[in-house]
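Visitor: Sharing a structure below in structure tokens format, with a few things to ask.
2 protein chains.
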Amino acid sequence: MTNLYDRHSALLARAVEALRTRAFWTPFPEVPSGKVYGETAKADGIAAFEGLVGNAFDMPGHPETRRVGRENAPWGKSLSITYPAADPATLIAASEKAAEPWASADPETRAGILLEALTRLNAMSFLIGHATMHTTGQAFPMAFQAGGPHAQDRGLEAVAAAYAEMTGSATAATWEKPQGKRDPITLEKRWRIVPRGLSLMIGCQTFPNWNGYPGLFASLATGNTAIVKPHPGAILPLALTVKVLREVLTEEGFPADVVLLAADEPGAEVTKKLIETHAFSIIDYTGSSVFAAWLRKNAGSALVFTEETGVNSITITGTDDFAGMCDNIAFSLSLYSGQMCTSPQNLYLPKDGIETDEGAKSFDDVVSGIVDAIDRLLSDGAQASSICGAIANAATFARVEKARQAGRVVRESRETGLGASATPLLVVADDREGGLERDECFGPVSFFIACDDAHDAIARASAIAAEKGAITAALYATDGALIEEAANAFSKAGVNLSVNLTGNIYVNQSAAFSDYHVTGANPSGNASLTDTAFVAPRFRRVMIRWPRAA
Amino acid sequence: MTNLYDRHSALLARAVEALRTRAFWTPFPEVPSGKVYGETAKADGIAAFEGLVGNAFDMPGHPETRRVGRENAPWGKSLSITYPAADPATLIAASEKAAEPWASADPETRAGILLEALTRLNAMSFLIGHATMHTTGQAFPMAFQAGGPHAQDRGLEAVAAAYAEMTGSATAATWEKPQGKRDPITLEKRWRIVPRGLSLMIGCQTFPNWNGYPGLFASLATGNTAIVKPHPGAILPLALTVKVLREVLTEEGFPADVVLLAADEPGAEVTKKLIETHAFSIIDYTGSSVFAAWLRKNAGSALVFTEETGVNSITITGTDDFAGMCDNIAFSLSLYSGQMCTSPQNLYLPKDGIETDEGAKSFDDVVSGIVDAIDRLLSDGAQASSICGAIANAATFARVEKARQAGRVVRESRETGLGASATPLLVVADDREGGLERDECFGPVSFFIACDDAHDAIARASAIAAEKGAITAALYATDGALIEEAANAFSKAGVNLSVNLTGNIYVNQSAAFSDYHVTGANPSGNASLTDTAFVAPRFRRVMIRWPRAA
């Protein structure tokens with residue numbers, strides 16, 4: 001056995017340091033370039049991907065009573081890959097059987113194995129990029145980043161946060177209590193890190209790796225075994241992840257079944273059956289608030305971490321770069337056709353318009369500015385496709401169609417010409433009781449909402465975040481007092497606020513080691529990636545103490 | 001305004017350090033001595049206590065629509081103190097009104113105020129000792145320690161853990177992302193600590209301060225307001241605490257209502273009404289598993305921390321100090337008449353007896369050794385009273401009576417002669433299906449259980465801990481392999497294990513800054529005092545980011 005902890009300890013220490021400073025850092029380059037990943041990496045990745053398509057996915061030693069696999073084809077390319085499957089009881093029994101040696105390994109051993117797996121996954125980022133692209137509908141550049149290096153960052157971040165927490169207090173101490181003139185009472189104490197038990201990670205359709213890695217790697221780092229339940233439409237990215245983890249585990253003498261795959265098919269999902277066994281001590285979930293509520297009700301004593309539904313907003317009260325603002329918003333609304341948990345949905349602006357570097361702009365001027373910027377951005381079909389990607393779920397098209405009735409359509413959703421696509425639909429909301437803009441409308445749909453003034457805009461955007469949840473909020477403002485007002489309002493609503501973004505940085509973006517993704521302070525979820533609260537309760541400490549021999 | 005953080009920052013830093021090293025440390029002397037607390041402290045404490053008895057408790061500015069107070073009198077001295085009371089809606093409105101300034105204060109300001117309050121409470125430890133004694137039934141020495149310095153230690157520990165967590169990662173960063181040959185993207189980021197909201201601390205009857213301070217001080221340190229709901233039988237220790245906190249808050253320019261008292265009377269408890277408002281974001285509870293289960297079901301989205309029911313054990317497989325072992329166990333079983341959450345209940349030993357320094361001892365020899373040691377320890381009425389204290393709750397007498405039917409009574413429970421008292425009842429359990437020893441039997445009751453051999457004894461003691469919960473376990477063994485076997489078994493059951501304790505240190509004792517009290521890894525609760533998981537989710541971080549001006 002190699003000592004994987006020694007191999008990766010400098011990386012781990014650097015990651016722990018980055019978590020504390022919150023400055024920019026990543027060990028996993030985000031550019032899909034041969035110069036970084038090797039001249040043949042691109043071709044190798046495509047070849048490896050094509051080698052998987054149409055075949056039975058090989059997962060040596062995995063419990064298997066049948067094969068399943070009916071994944072998405074948002075770009076029109078059917079994967080037709082089958083994965084090993086077994087009933088919940090079989091998977092749980094295998095996970096329990098693997099629990100003891102993994103729980104007994106020390107934090108260093110576990111961290112070494114997980115960092116080795118992340119490093120190998122990083123080297124496979126082109127393959128993972130194609131796997132992510134053809135299951136989620138992301139365009140390749142995003143799929144490469146979100147399925148590869150950015151997800152690996154989040155996984156490393158979780159391992160680092162867990163490791164820091166497990167090693168943050170002494171595991172051995174001599175406790176010497178003075179007794180006045182008598183000899184002190186002296187106890188030797190030792191603490192063990194004890195995992196909670198079995199963990200279940202329920203993946204989502206749009207960001208299987210990015211949203212899945214934090215919970216998965218945090219649970220594994222703290223000694224729990226893991227069952228990975230991918231969305232039936234997006235299995236391959238997580239199947240590759242599970243496979244690599246199992247390979248490293250096996251090489252290091254641990255049971256491969258420390259990590260298992262619970263693949264299923266649309267209409268025959270095993271999620272509820274898994275949860276109803278009450279075998280899990282930890283459940284990580286990304287998806288709708290409706291299912292999250294079911295989960296909390298049925299999870300028994302399991303710890304439940306979620307990322308859920310929300311209504312993200314942009315509040316526009318003024319700008320000294322009108323063109324830059326419109327371009328920035330246009331990109332944010334178009335990127336992956338609004339299928340990011342960080343995509344803005346509602347745009348709040350004063351009904352009487354705003355002041356800008358181009359002079360006063362009426363409400364309709366601002367609307368037009370943004371609509372025009374989107375039209376410019378997406379005028380070329382290939383470029384539109386490379387930004388918007390494809391639609392992961394057919395239900396999204398129905399939502400787009402329904403959203404047209406929420407008010408005055410100021411930009412129609414169109415196809416890009418590639419895959420199952422839909423560019424942003426923009427609607428000036430009628431803004432009536434029970435309007436569609438009052439809830440999450442997942443997909444390429446945004447609503448303009450006319451407000452009394454800038455204060456009202458801030459109040460309404462922050463109020464819906466507090467009520468319905470929100471992961472991101474953006475603000476455009478030139479007045480310092482107004483920015484402070486917004487900072488207070490959005491902070492109270494528990495949502496991270498990006499102010500006056502222009503150029504090549506977007507409200508949608510959340511960087512590991514710096515941005516906590518989801519604050520946990522509003523209904524959009526309690527899984528803050530990655531704070532201590534996300535890792536600390538995944539394990540406990542148990543002591544043994546005895547008198548020191550005199 | 002004084003700068004209380006400056007005044008106490010060295011103490012705070014030392015406490016944070018102690019949490020990491022887990023070695024012995026306390027700033028609050030546990031000896032009720034005039035040499036430590038001042039020559040007049042004892043007399044002053046009694047005078048202050050007598051000045052409260054029979055009067056209306058003064059709590060300036062506290063919401064009050066009526067007066068309540070019908071506390072315990074386990075020593076026969078009726079307090080007849082009345083406390084201000086108001087309905088839940090009034091208390092919650094007052095708490096919400098006080099929330100904003102407290103949430104906006106920085107962690108240093110809050111820590112300074114809380115440490116000042118703990119320091120003042122420490123100076124009042126004689127008064128608090130009498131308040132604790134006459135509500136809980138503890139003998140004065142224990143009441144002084146458990147209500148005073150030991151509780152203050154736990155409060156300080158919670159503040160330190162919360163402070164360390166709030167300040168453990170940067171609250172400001174410049175995030176500079178390289179862009180190849182172009183200028184980097186540079187964002188300024190700031191994070192705010194945002195509290196969850198209103199917290200409710202539900203106190204217990206036997207250790208109102210010791211069990212109450214951790215949750216109360218952790219919630220306050222992280223910026224939440226707090227409502228303190230004492231057990232109706234033991235209000236005074238927590239009323240004094242609330243009063244001191246309100247005084248310091250007021251002096252420092254904060255609303256006193258950051259901390260409120262929700263006093264009530266037996267038979268008219270307000271706990272359920274408070275919880276059913278769903279106004280609380282955090283609930284801390286110490287008490288029965290039955291009520292804890294109700295709490296979890298009805299707490300809405302509140303974070304719930306509990307210390308619950310459990311079955312603590314002593315496993316006896318051998319000893320090289322039979323007399324010392326029997327004396328140590330005798331004290332552990334007698335101390336506060338088994339009314340500690342750390343008191344041992346079940347004694348597991350091989351049916352064929354054990355090897356000792358006095359030669360082989362049969363099962364009955366061991367039983368007799370312990371019974372005789374108790375009889376010796378409690379032979380003098382005054383000493384018996386100073387160890388056993390009084391019984392806090394009349395229901396305990398009924399449990400003692402019922403426990404006599406669980407098997408062969410080998411020691412009858414008796415009165416000490418002072419207060420409502422009961423010395424340990426010892427029963428050799430029939431050990432049948434559904435026997436009383438299979439559940440917590442709170443009070444001065446212990447069961448001997450005959451096991452096949454040492455391995456069986458370890459297996460049964462650890463199995464009941466895993467199933468029913470346990471906060472402590474003790475083991476007597478001379479064989480290293482057996483100790484290792486027990487270490488593994490109890491660690492898996494999530495219970496802290498004390499091995500071969502003799503002399504002046506007992507399994508019942510849990511020292512702040514070193515012993516994590518409750519592991520969270522079995523059904524006896526999830527509130528591990530004080531680990532990061534206990535403090536980290538009480539607040540969240542919210543960011544604001546903006547491009548750095550070029």
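Quick mapping for you: the protein sequence lines, in order, are chains A and B.
Note that UniProt numbering gives residue 68 to position 68 of the first sequence, counting from 1, and the numbers run on in steps of one.
Note that UniProt numbering gives residue 412 to position 412 of the second sequence, counting from 1, and the numbers run on in steps of one.
Every residue gets a Cβ at the ideal spot worked out from N, C-alpha and C, and that includes glycine.
Predicted, not measured: the structure shown is a model, and the values here were computed from it.
1. Looking only at DSSP bridge pairs, what is Tyr348/B linked to?
2. Only counting the same chain, and skipping five residues up and downstream in sequence, which positions put a Cβ closer than 6 Å to that of Asp431/B?
3. With 16 other CB atoms within 10 Å as the buried threshold, where does Gly369/A fall?
4. Give the DSSP-derived three-state secondary structure of Tyr5/B in the structure shown.
5. So Asn500/A contacts chain B; which residues on that side make the cut at Cβ distance below 7 Å?
6. Going by beta-carbon coordinates alone, are Ala117/B and Val16/B separated by less than 8 Å?
7. What residue range does the beta strand (DSSP E) around Glu412/B cover?
8. Quick one: which chain A residues come within Cβ less than 8 Å of Trp175/B?
9. Please tell me whether Gly155/B and Ala131/B are closer than 8 Å, where the distance is taken between their beta carbons.
10. Using a Cβ-Cβ cut-off of 6 Å (strictly less than) and excluding sequence neighbours within five positions of Ala463/B, which residues of its own chain qualify?
11. Out of Ile374/A, Leu377/A, Arg376/A, Ile354/A, point me to the one whose CA is closest to Val366/A's CA.
12. Could you pull the DSSP bridge partners for Thr525/A from this structure?
13. Once DSSP output is grouped into helix, strand and coil, what is the label at Asp183/A?
14. How would you list, in chain order, the residues of chain A whose beta-carbon sits under 9 Å from the beta-carbon of Met142/B?
15. Measuring CB atoms only, is the stretch 58–67 of chain A touching the stretch 242–262 of chain A, in the sense that at least three cross pairs come out at less than 8 Å?
16. Since residue 556/A and Ser337/A should fall inside the 8 Å C-beta cutoff, what is the C-beta to C-beta distance between them, to a whole number of angstroms?
17. Would the beta-carbon of Ala23/A fall within 8 Å of that of Trp175/B?
18. Buried or exposed for Pro184/A, going by 16 or more other Cβ atoms inside 10 Å?
19. Just confirm the distance between the C-beta atoms of Thr502/B and Gly324/B, as a whole number of angstroms; I'd bet it's less than 8 Å.
20. Evaluate Asp357/A with the Cβ neighbour count: other Cβ atoms within 10 Å of its Cβ, from every protein chain shown; 16 or more gives buried, anything less gives exposed.
21. Between which two residues does the beta strand (DSSP E) carrying Phe280/B extend?
22. Against Ser528/B, what residues of chain A qualify as contacts under a CB-to-CB distance less than 8 Å, listed in chain order?
23. What do you get for Pro350/B, buried or exposed, if any count of 16 or more other CB atoms within 10 angstroms of its CB means buried?
24. Might you give, ordered along the chain, the residues of its own chain that have their beta carbon closer than 6 Å to the beta carbon of Gly233/A, omitting 5 neighbours on each side?
25. Identify each residue in the stretch 442–475 of chain A for which the Cβ-Cβ distance to at least one residue of chain B is less than 8 Å, and report them in chain order.
26. Could you name the residues of chain A that Val495/B contacts, counting a contact when the two beta carbons are closer than 8 Å?
27. My assumption, with CB atoms under 8 Å, is that Ala521/B sits in contact with Val194/A. Please give the rounded CB distance.
28. Listed in chain order, which residues of the stretch 194–215 of chain B have Cβ atoms closer than 8 Å to some Cβ of chain A?
29. Which of the three DSSP states is assigned to Val228/A in this structure?
30. If you reduce the DSSP assignment to three classes, tell me which class Phe144/A lands in.
31. Straight-line CA distance for Glu96/A to Ala533/A?
32. Could you tell me whether any Cβ in chain A is nearer than 8 Å to the Cβ of Leu245/B?
33. Quick check: the stretch 327–335 of chain B against the stretch 283–301 of chain B, are at least 3 beta-carbon pairs closer than 8 Å?
34. Could you check whether Ser281/A and Leu303/A sit closer than 8 Å to each other, using their CB atoms as the reference points?
35. Any idea what DSSP makes of Ala474/B, helix, strand or coil?
36. Answer yes or no: does any C-beta atom of chain A fall closer than 8 Å to that of Lys181/B?
Guide: The answer reads as follows:
1. Within the second sequence, numbered from 1, the residue matching residue 348/B stands at position 348. According to DSSP, Tyr348/B bridges with Thr315/B, Ile449/B.
2. Position 431 of the second sequence, counting from 1, holds the residue named residue 431/B. Excluding residues within five positions, the ones whose Cβ falls inside 6 Å are Ile449.
3. Here residue 369/A is taken as the residue at index 369 of the first sequence, counted from 1. Buried.
4. Taking the second sequence and counting its residues from 1, one reaches residue 5/B at position 5. Assignment of Tyr5/B by DSSP, reduced to helix, strand and coil, places it in the helix class.
5. Translated into positions along the first sequence, residue 500/A becomes position 500. Within chain B, the residues near Asn500/A are Trp546, Pro547.
6. Position 117 of the second sequence holds residue 117/B. Position 16 of the second sequence holds residue 16/B. Cβ distance not < 8 Å, so Ala117/B and Val16/B don't count as in contact.
7. Taking the second sequence and counting its residues from 1, the one referred to as residue 412/B is at position 412. First-last for Glu412/B: undefined, no H or E at that position.
8. Residue numbering aside, residue 175/B sits at position 175 when the second sequence is read from its first letter. Neighbours of Trp175/B on chain A, chain order: Arg22, Ala23, Phe24, Ala511, Ser514.
9. Taking the second sequence and counting its residues from 1, one reaches residue 155/B at position 155. Taking the second sequence and counting its residues from 1, one reaches residue 131/B at position 131. No, they are not a contact pair.
10. Numbered from its first residue, the second sequence carries residue 463/B at position 463. Contacts found: none.
11. For this step, residue 366/A is matched to residue 366 along the first sequence. Among Ile374/A, Leu377/A, Arg376/A, Ile354/A, the Cα nearest to that of Val366/A belongs to Ile354/A.
12. Here residue 525/A is taken as the residue at index 525 of the first sequence, counted from 1. Reading off the sequence, residue 525/A comes out as Gly, not Thr. Its beta-bridge partners are Glu307/A, Asn522/A.
13. Numbered from 1 along the first sequence, position 183 holds the residue referred to as residue 183/A. The answer is strand: DSSP assigns Asp183/A an E or B state.
14. Sequence index remark: in the second sequence, residue 142/B carries index 142 (1-based). Correct list: empty, because the minimum Cβ distance to chain A is about 17 Å.
15. Yes, since at least three Cβ pairs between the stretch 58–67 of chain A and the stretch 242–262 of chain A fall closer than 8 Å, the two stretches touch.
16. The structure shown does not extend to residue 556/A, since chain A is modelled only from 1 to 550, so the question has no answer here.
17. Here residue 23/A refers to the residue found at position 23 of the first sequence. Here residue 175/B refers to the residue found at position 175 of the second sequence. Contact: yes.
18. Sequence index remark: in the first sequence, residue 184/A carries index 184 (1-based). Flag for Pro184/A reads exposed.
19. Residue numbering aside, residue 502/B sits at position 502 when the second sequence is read from its first letter. Residue numbering aside, residue 324/B sits at position 324 when the second sequence is read from its first letter. Sure, about 3 Å apart at Cβ, within 8 Å.
20. What you label residue 357/A is simply residue 357 of the first sequence in a count that begins at 1. It counts as exposed.
21. What you label residue 280/B is simply residue 280 of the second sequence in a count that begins at 1. Looking at the DSSP string, the run of the beta strand (DSSP E) that includes Phe280/B is 280–286.
22. Position 528 of the second sequence, counted from the start, is the residue given in the question as residue 528/B. Residues of chain A passing the Cβ test: Arg540, Arg541.
23. As a working mapping, residue 350/B is identified with position 350 in the second sequence. The residue in question, Pro350/B, is buried, as its Cβ has 16 or more Cβ neighbours within 10 Å.
24. Here residue 233/A corresponds to residue number 233 of the first sequence, with the count starting at 1. Counting only Cβ-Cβ distances below 6 Å, and skipping sequence neighbours, we find Glu71, Asn72, Gln205.
25. none
26. Along the second sequence, read from residue 1 onward, the residue named residue 495/B stands at position 495. What Val495/B touches in chain A: Val542.
27. As a first step, residue 521/B is located in the second sequence; it is residue number 521 there, counting from the start. As a first step, residue 194/A is located in the first sequence; it is residue number 194 there, counting from the start. Sure, about 5 Å apart at Cβ, within 8 Å.
28. Val194, Arg196
29. Stepping through the first sequence from its first residue, residue 228/A is reached at position 228. Looking at Val228/A - three-state DSSP - the assignment turns out to be strand.
30. Reading the first sequence from its first residue, position 144 is the one you call residue 144/A. Phe144/A: helix per DSSP, three-state reduction.
31. Locating residue 96/A in the first sequence gives position 96, where the first residue counts as 1. Locating residue 533/A in the first sequence gives position 533, where the first residue counts as 1. Roughly 25 Å between the two C-alpha positions.
32. As a first step, residue 245/B is located in the second sequence; it is residue number 245 there, counting from the start. By this cut-off, Leu245/B is not an interface position.
33. no
34. As a working note, residue 303/A is residue 303 in the first sequence. As a working note, residue 281/A is residue 281 in the first sequence. Cβ distance < 8 Å, so Leu303/A and Ser281/A count as in contact.
35. In the second sequence, counting from the first residue as 1, residue 474/B sits at position 474. Strand.
36. In the second sequence, counting from the first residue as 1, residue 181/B sits at position 181. Answer no: the Cβ-Cβ gap between Lys181/B and chain A never drops below 8 Å.
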